[in-house]
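Just so it is clear: in the sequence shown, position 153 is 157 by the numbering used here, and no numbers are missing. Note that CB positions come from ideal geometry on N, CA and C, so glycine has one too. Working notes, structure below.
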Amino acid sequence: MTYFQEIISSYNTFSFFKALHIIGFVSWFAALFYLPRLFIYHTEAMDMEEPKRSILMEQMGIMERRLYNIIMTPALFITLTGGFTMLYLRGWTWWTGNIWMHWKFGLILLLVGYHHYSKGIMRRLGKGEKVMTSTQFRLYNEVTTLFLAAIVLLAVYKDGLKFIYALAGLVLFGIALGLGVKWYKKIRNRVDK
C-alpha cells in the first residue's frame with residue numbers, strides 16, 4: 005500500500021466515497037430513466053399539428069439538453085469518481101481477486117456507451133429526425149432497467165452460480181418488460197380509437 009493510500013484509506017474516507025458513488029448512481033439512473041421518456045414525448049410531438057408541434061418539440065429539446073448536461077453527465081462523473089476511488093483504496097489485489105467486479109465494470113462500460121448513444125439520439129431529434137417510434141423508445145427505456153437490475157444483482161450476489169440464477173431471472177424479467185410494453189401499446193391503441 006502506498007503512503008497516499010494509507011493516509012486516505014481510513015474507514016471514513018472509504019465510506020465517503022461509497023456514499024458519493026451511491027448518490028451519483030441514483031441520480032444517474034434517474035436521468036437515464038427520464039431521458040428516453042422525453043424522447044417518447046418528442047417523437048409523439050412530431051406527429052402533431054402546428055403550432056403545437058414546434059412548441060412541444062422545442063420544449064422537449066430544451067428539457068433533454070438540460071437533463072443530459074446538468075444532471076445526467078455530472079452524475080455519471082460522480083458515480084465513476086466514487087467507484088474508481090473505492091477501487092483505488094481497496095488496491096490491486098482486491099480487484100484481481102473479485103471477478104464479479106470485472107463483470108460489473110463491463111456493464112458500466114456498456115452503460116456509459118448507452119449514455120453517449122442517448123446523446124446522439126438527442127441531437128438527431130433536435131434536427132427533426134424521427135429516430136425511433138414511441139413504442140421503440142419505450143423498449144429503449146427498459147434497457148436502463150435491465151442494466152440497473154444486472155448491476156445490483158451482481159453487486160449483491162457476487163458469487164458466480166448465484167449470479168447465473170439471478171441473470172436467468174433478469175432475462176425473464178426483460179421478456180416480461182417487453183411483453184408489458186406490447187400490452188401497453190395494445191391498450192393505448194384501443195383507448196385512442
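- Per DSSP, reduced to three states, the secondary structure at Val156 is helical.
- Note on the stretch 86-156: whole alpha helix (DSSP H) runs with a minimum of 4 residues are 96-101 and 103-130, in chain order.
- Judged by beta-carbon spacing, Leu174 lies within the 8 Å limit of Leu150, meaning their Cβ atoms are closer than that value.
- Non-local C-beta neighbours of Lys131 in its own chain, meaning closer than 8 Å and more than five positions away in sequence, are absent.
- Going by beta carbons, Leu39 and Ser122 fall inside the 8 Å limit.
- Taken through DSSP and simplified to helix, strand or coil, Glu62 comes out as helix.
- Between the beta-carbon of Ala79 and that of Gly28 there is about 5 Å, and that keeps the pair under the 8 Å contact cut.
- In this structure, the CA atom of Val135 is about 43 Å from the CA atom of Leu93.
- Only residues of its own chain outside the window of five on either side were considered, and among them Leu158 have a CB closer than 7 Å to the CB of Trp107, listed in chain order.
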